[in-house]
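Notes follow the structure.
There are 2 protein chains.
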Amino acid sequence: MATDEEAPQRPKRLTRAESKARTRELLLDAAAETFARKGYAGASVEEIAESAGFSIGALYSNFGGKQELFLALLESRASDRIAEAAQLIDGRQPDGTAAAGLGKLLIETADEDVAFESLRAEFWLYAVRNPESMATFAERVGESRDALTGVIARLLEGQGRGTDYPLQSISTVVIALFHGLVQLRRIDPGFVSEDLFERTLACLFTEATMTGVQLPGPSAEQSGSGENADD
Amino acid sequence: MATDEEAPQRPKRLTRAESKARTRELLLDAAAETFARKGYAGASVEEIAESAGFSIGALYSNFGGKQELFLALLESRASDRIAEAAQLIDGRQPDGTAAAGLGKLLIETADEDVAFESLRAEFWLYAVRNPESMATFAERVGESRDALTGVIARLLEGQGRGTDYPLQSISTVVIALFHGLVQLRRIDPGFVSEDLFERTLACLFTEATMTGVQLPGPSAEQSGSGENADD
DNA sequence: GTCTATATTTTGATAGAC
DNA sequence: GTCTATCAAAATATAGAC
């Protein structure tokens with residue numbers, strides 16, 4: 001008989017590496033939930049580990065520590081759902097469907113997925129306080145903005161008007177407005193009616209198409225990801 | 001001779017109550033700075049007290065503890081500078097001065113006053129995680145929005161168009177956009193050009209005046225401060 | 001690779017001197 | 001009213017068993 005160190009590559013269960021990778025993912029899931037609920041400083045590694053169904057030792061076996069775990073989360077999970085959702089919308093009818101879809105996304109995010117905006121706020125605060133990690137966060141945000149820019153470009157194209165100059169400015173405004181309104185609606189739903197985002201987007205896009213995209217920012221060019229002024 | 005317990009009401013130096021009030025204010029200042037820099041959970045009462053030039057005991061003599069100190073800060077310092085600035089702008093020329101002034105405020109806030117948006121993020125996260133304090137935060141935000149609404153009303157009035165229906169929606173959008181853009185510019189100044197806010201505001205106001213304020217939200221009415229959906 | 005037990009440090013909060 | 005000294009709890013991180 002061969003020892004069990006030679007052949008068991010078949011899916012008898014899980015490879016050692018696969019098992020470790022799964023543990024890593026479960027720990028990242030638990031970390032996302034716990035950091036969102038308690039904050040970076042307020043969450044303990046013990047709570048994260050237990051919430052994932054593991055011990056502290058398992059966490060330290062997979063990550064260097066609390067900070068490294070948070071940074072791994074920042075790198076792997078800091079992309080913005082507004083860009084993902086916009087890409088799903090991409091290819092739809094060129095009428096108001098897109099704005100309506102984003103409006104619905106905002107209400108769902110504010111009312112149901114409490115963790116999302118909290119975790120993003122934690123990412124932002126951590127990056128502001130630890131400038132060496134800001135580049136990573138900026139990268140993720142930039143990717144999301146670029147994805148959204150592409151969607152908006154095809155959208156305006158479908159409406160038959162200019163798609164050139166300051167589209168990145170438009171997507172920046174959309175992202176800023178999205179997060180700002182999500183936060184305000186969590187403060188008080190009465191502040192942000194269910195159709196406020198959709199209506200504002202319609203206003204922005206109308207102005208964009210009517211003036212040939214003349215609204216925000218043809219003066220100063222937008223770089224893909226500029227330098228940070230922190231460190 | 002009269003004992004020194006009877007007459008010394010004259011401004012020999014500071015009354016006992018005045019001295020205590022001054023200590024309170026200094027502690028609140030230090031708390032604002034420290035909570036902004038380290039976060040609620042990350043800041044220690046020792047650091048706050050020392051930063052104010054007092055001992056831990058003095059802090060506990062003036063506040064019930066860390067949580068009570070933070071809540072006192074939330075109640076006394078959570079108003080929004082965008083509303084204050086708008087009121088300063090109030091009464092100016094009815095041309096683009098207002099939008100330009102707010103645009104300048106955004107760049108200054110993002111680039112120079114790091115603590116402001118960080119502390120607001122801490123207020124938001126604390127209130128999201130401690131729903132019993134959300135009403136207080138919502139009150140401050142509502143006051144700021146109402147102040148801004150008044151300024152916008154007089155502004156549009158000066159431009160000669162409708163000032164009635166959804167002005168609160170407009171100020172809500174302005175506030176959301178302000179904070180969203182401040183956050184994005186701190187992530188990467190290249191994301192938010194210096195005139196993006198001003199241009200977007202001009203777009204919104206133009207649309208507002210041209211359509212007779214038809215843009216956001218004539219369908220759902222906005223209550224002054226509605227109920228929170230948390231507790 | 002994961003768990004249990006523990007060393008070390010730090011924190012919020014309190015007691016008593018002045 | 002403020003300071004100094006200190007307690008008790010909780011946290012990060014590590015060491016060694018399995």
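The listed protein sequences derive, respectively, from chains A and B. Going by the UniProt record's numbering, the residue at position 70 of the first sequence is 70; the numbering climbs one at a time, nothing skipped. Going by the UniProt record's numbering, the residue at position 228 of the second sequence is 228; the numbering climbs one at a time, nothing skipped. Cβ atoms here follow ideal geometry from the backbone N, Cα and C, with glycine treated the same way. Nothing here was measured: the structure is a model prediction, and the numbers come from that model.
Nearest to threonine 149(A) by alpha carbon, out of Thr136(A), Glu18(A), Val173(A)? Each of Thr136(A), Glu18(A), Val173(A) was checked against the Cα of threonine 149(A), and the nearest Cα belongs to Val173(A).
Mind checking whether alanine 30(B) and alanine 52(B) have CB atoms under 8 Å apart? Cβ atoms of alanine 30(B) and alanine 52(B): closer than 8 Å.
Quick one: give me the first and last residue of the alpha helix (DSSP H) that valine 141(A) is part of. In the DSSP assignment, valine 141(A) falls within the unbroken alpha helix (DSSP H) covering 134-159.
Whole angstroms are fine: how far does the CA of glutamate 139(B) sit from the CA of leucine 155(A)? Glutamate 139(B) has its alpha-carbon roughly 39 Å from the corresponding atom of leucine 155(A).
Is it buried or exposed for glutamate 25(A), if we count other Cβ within 10 angstroms and need 16 for buried? Looking at its Cβ environment, which holds fewer than 16 other Cβ atoms inside 10 Å, glutamate 25(A) is exposed.
Rounded Cβ spacing between residue 235(B) and arginine 185(B) (contact assumed at less than 8 Å): Since the first residue shown for chain B is 1 and the last is 231, residue 235(B) is missing from the structure and cannot be characterised.
I want to see whether chain B comes within less than 8 Å of residue 250(A), judged by CB atoms only; does it? Because residue 250(A) is not part of the residues shown, which for chain A are 1 to 231, the question remains open.
Please name the residues in the region 121-148 of chain A whose beta-carbon is closer than 8 Å to at least one beta-carbon of chain B, in chain order. Residues passing the 8 Å Cβ filter: Ala121, Glu122, Trp124, Leu125, Ala127, Val128, Arg129, Met134, Phe137, Ala138, Val141, Gly142, Arg145.
Assigned exposure category for glutamate 112(A) - 16 Cβ within 10 Å defines buried: The residue is exposed, with fewer than 16 neighbouring Cβ atoms inside 10 Å.
Measure from the C-beta of glycine 96(B) to each C-beta in chain A and report whether the shortest distance is under 8 Å. So, not an interface residue.
Please identify, using Cβ separations under 9 Å, the residues of the region 25-51 of chain A that lie next to chain B, in order along the chain. Answer in chain order: Arg37, Lys38, Gly39, Tyr40, Ala41, Gly42, Ala43.
Going along chain A in order, which residues have a C-beta closer than 8 Å to the C-beta of isoleucine 175(B)? What isoleucine 175(B) touches in chain A, judged by beta-carbon distance under 8 Å, is Gly180, Leu184, going in chain order.
Which residues of chain B have a Cβ atom closer than 9 Å to the Cβ of leucine 167(A), listed in chain order? Residues of chain B passing the Cβ test: none, with the nearest at roughly 13 Å.
State the DSSP-derived secondary structure class of glutamate 122(A), mapped to helix, strand or coil. Look at glutamate 122(A) here: in three-state DSSP terms it is helix.
What is the rounded straight-line gap between the Cα of residue 261(B) and the Cα of serine 171(B)? Past the edges of chain B, shown from 1 to 231, lies residue 261(B), and the structure says nothing about it.
Contact residues within the region 186-197 of chain A, judged by C-beta distance below 7 Å to chain B: For the region 186-197 of chain A, the set of positions with a beta-carbon nearer than 7 Å to some beta-carbon of chain B reads Arg186, Ile187, Asp188, Pro189, Gly190, Phe191, Val192, Ser193, Glu194, Asp195, Leu196 in chain order.
With a threshold of 8 Å between beta carbons, is valine 151(A) in contact with chain B? Closer than 8 Å: no.
Partners in chain A for leucine 204(B), counting only beta-carbon separations shorter than 9 Å: The answer, in chain order, is Thr200, Cys203, Leu204, Glu207.
Closer than 8 Å, CB to CB, is threonine 15(B) near chain A or not? Cβ-Cβ to chain A under 8 Å: no for threonine 15(B).
Helix, strand or coil for proline 131(B), going by three-state DSSP, please let me know. Under the three-state reduction of DSSP, proline 131(B) is assigned to helix.
Simplified DSSP state of arginine 13(B), which is helix, strand or coil: In the structure shown, arginine 13(B) sits in coil (DSSP, three-state: anything other than H, G, I, E or B).
What runs of the alpha helix (DSSP H), each 4 residues or longer, lie entirely inside the region 67-98 of chain B? Here the runs fully enclosed are 81-89.
Where serine 118(A) meets chain B, residues with beta-carbon distance less than 7 Å: By Cβ distance, chain B contributes Leu125, Val128.
For glutamate 47(A), report the span of its alpha helix (DSSP H) as first-last. Per DSSP, glutamate 47(A) belongs to the alpha helix (DSSP H) from 45-52.
So, alanine 78(A) versus phenylalanine 116(A), is the Cβ gap smaller than 8 Å? A distance of 8 Å or more separates the beta carbons of alanine 78(A) and phenylalanine 116(A).
Length of the line joining the Cα atoms of glutamate 157(B) and glutamate 108(A): Between glutamate 157(B) and glutamate 108(A), the C-alpha separation is close to 36 Å.
In angstroms, rounded to a whole number, what distance separates the CA positions of isoleucine 82(B) and alanine 41(A)? Their Cα atoms are separated by approximately 29 Å.
Suppose you measure from the CA of isoleucine 175(B) to the CA of glycine 180(A); what does that come to, to the nearest Å? Distance between the alpha carbons of isoleucine 175(B) and glycine 180(A): 8 Å.
With a threshold of 16 other CB atoms inside 10 Å of the CB of glycine 96(B), please say whether the residue is buried or exposed. Classification of glycine 96(B): exposed, given that the 10 Å Cβ count is below 16.
Can you check which of these residues, Leu119(B), Lys66(B), Asn62(B), Gly142(B), is closest to proline 189(A) by C-alpha distance? Taking proline 189(A) as reference, the option from Leu119(B), Lys66(B), Asn62(B), Gly142(B) with the minimal CA-CA separation is Gly142(B).
Verify the CB distance criterion: does threonine 109(A) have a CB-CB separation below 8 Å to chain B? For threonine 109(A), the answer is no, since every Cβ of chain B falls outside 8 Å of its Cβ.
Give a yes or no on whether the C-beta atoms belonging to glutamate 198(B) and alanine 100(B) are separated by under 8 Å. A contact, by the Cβ cut-off of 8 Å.
Beta carbon of serine 118(B) nearer than 8 Å to that of valine 128(A): In this structure, the beta-carbon distance from serine 118(B) to valine 128(A) falls below 8 Å.
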